[in-house]
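One structure is given here, and the rest of the page talks about it.
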Amino acid sequence: MALASHTGSAHRIGAETLRCRGGNMAFNFSTHAESLKMKEILLGSSSLSCSSGNIMHGLHIDSARMASKRGGRVIVAASPPTEDATVAAEPLTKEDLVAYLASGCKPKEKWRIGTEHEKFGFNIETLRPMKYEQIAGLLNGIAERFDWEKIMEGDNIIGLQQGKQSISLEPGGQFELSGAPLETLHQTCAEVNSHLYQVKAVAEEMGIGFLGIGFQPKWRREDIPIMPKGRYEIMRNYMPKVGSLGLDMMFRTCTVQVNLDFDSEADMIRKFRAGFALQPIATALFANSPFTDGKPNGYLSMRSQIWTDTDNDRTGMLPFVFDDSFGFEKYVDYALDVPMYFIYRKKKYIDCSGMSFRDFMAGKLPPVPGELPTLTDWENHLTTIFPEVRLKRYLEMRGSDGGPWRRLCALPAFWVGLLYDEVSLQNVLDIIADWTQGERQMLRNKVPVSGLKTPFRDGLVKHVAQDIVKLAKDGLERRGFKESGFLNEVTEVARTGVTPAEKLLELYNGKWEQKVDPVFEELLY
């Protein structure tokens, strides 16, 4: 589900002027960086940083505060946002918020690939979800054996950090790798394999396995342990007020996503639109969540369906992205109107659910009257917005179910081939140019149910998917890194029109004799 900020592409903007052009806008960061420095922002650095933000679900790690060592191992004290975010010296302006997004622009040679994936941990003997105590043991074991830094919230270990990659916990204990920003898909898949090796090396000794699927197939929501993370308690209390499925999203879903760069505002717009239009195609190709509470749920991607009734203020297909006036500023306008969840002060999360970031900018946030936000508060607010494609200082493709390891490599391959090759990107834009908002929304609504068999115009989504996968493959081949083999898995899905979920349902109704337990072996990492 990827509820917070994760690894994207790493880049730093120095003191020299960097202009990010696109549409009618240009941002001069030499003066802006000086202005923002006065406001105490961003990673304790004097320059704007366009890195992953690697906030680990809102937990920002400042190396200057890694002061505690136990047994020679670094223990990183959690400081969600930053250490109490201090106090802004002067009010943030809308221009600051726009420039923050624009600071993600970087030349093509610095584009990177950041992959994130989640998986369900379970006890091999009982198939029950891992409890926090087991997760803590697993995290400690990985840290000690493979030299990861521990991330703590109070006395609880809640994640690990190693270089630019991190391991974090989603609300129901879903285990997530947020990968480092990497140059090629070979590096990405090697990172995935290394992570799974390390996790399995420790987990198998503890009798724990991991399941690659988009929705918890067997256990009810009340069977899922709750992780001891402050921000999740606020979300857990707020979700039922704004949708009927938000708690299922938090506790019972897993996703795989990829984070990709842009070189200008105009490039961001083109990739954003391509990503939104084709997100239902990716949802269909990777559909892998047909079971709920031990039986078929009527969907091929229950994970995708969950998002349709989670919180409509912060989810969906964002039609305004296709308006002629769209750009960084329009996204800022949208984000300012998304209700807040929290701020972090004095080592505590403060519940601001339903409140306005605009009021916060005016010093009128009720829990902290007179206090003004920093850019770190803004950065964290952006992580609480969950559309199908999310803009931070990079773009996140968020529409796909979790799955087995081959599909963990296929998902970034799909989007890199489409968005990092100019010819394929332009071909995609030509294909979707006359798709209406009604058609895009229809695909979003129907694909979770009928997948590649969803009717579209004079054919099926399968036919669109075949064309799109071919464009992705062509794009990868033009990159010259021999990466197109990573698409073999989805090429076959597109060719046959049979989604991974439909293969699971066939097993359920045949070999498995209408029992769901065998899925834990079928999709075991």
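Its first residue numbered 3, the sequence shown is counted upward by one per residue in my numbering. We treat Cβ as the ideally placed atom computed from N, Cα and C, and that holds for glycine.
Put simply, the backbone Cα of W437 is about 12 Å away from that of P321.
Across the structure, Y234 and P173 are spaced so that their CA atoms are roughly 6 Å apart. The C-alpha of S168 lies about 33 Å from the C-alpha of V425.
Distance from the Cα of A337 is smallest, within the candidate group D325, T317, D519, W309, for T317. The beta carbons of E494 and L509 sit about 17 Å from each other, so the pair does not count as a contact at 8 Å. In this structure, G165 sits near A182, with a CB-CB distance shorter than 8 Å. Look at the beta carbons and you see the segment 377 to 386 touching the segment 337 to 356: at least three pairs across the two are nearer than 8 Å.
Runs of beta strand (DSSP E) with 3 or more residues, each lying fully within the segment 393 to 448, are found at 397 to 403, listed in chain order. For secondary structure counted as the beta strand (DSSP E) over 3 or more consecutive residues, the segment 183 to 221 holds these complete runs in sequence order: 210 to 213.
Taking a 10 Å sphere around the C-beta of N429, we find 16 or more other C-beta atoms and assign the residue as buried. Collapsing the DSSP output to three states places P230 in coil. In chain order, V449, G453, L454, V463 place their CB closer than 6 Å to the CB of A286, counting only its own chain and leaving out the 5 sequence neighbours on each side.
Within 10 angstroms of the beta-carbon of Q259 lie 16 or more other beta-carbons, which makes it buried. Judged by pairs of C-beta atoms under 8 Å, the segment 249 to 268 does not touch the segment 364 to 373, as fewer than three such pairs exist.
Note: G318 is bridge-paired with P389 in the DSSP secondary-structure output.
Close CB contacts of G245 within its chain, under the 8 Å cut and outside five residues either way in sequence, are with D311, T312, D313, N314 (chain order).
Exposed is the label assigned to Q516, since fewer than 16 other Cβ atoms lie within 10 Å of its Cβ. Spanning the alpha carbons of F488 and M319 requires a straight line of approximately 28 Å. I271 sits in a helix when the DSSP states are folded into three classes. Using a Cβ distance threshold of 8 Å, E485 and T186 count as a contacting pair. As summarised for the segment 118 to 153, the continuous alpha helix (DSSP H) elements at least 4 residues long and confined to that stretch are 134 to 148, given in chain order. Listed as beta-bridge partners of G116 by DSSP are N261. Listed in chain order, the non-local C-beta contacts of L431 below 8 Å within the same chain comprise R272, R275, A276, local neighbours out to five positions each way being set aside. For N447 and G216, the gap between their C-alpha atoms comes out near 17 Å.
Taking C-beta atoms as the reference points, R305 and T257 count as a pair closer than 8 Å.
Beta-carbon to beta-carbon, I115 and L280 are separated by about 17 Å, too far to satisfy the 8 Å threshold. Between the alpha carbons of E441 and L302 lies a gap of roughly 20 Å. Linking L410 to A364 through their CA atoms gives a straight-line distance of about 43 Å.
Going by beta carbons, Y351 and F362 fall outside the 8 Å limit.
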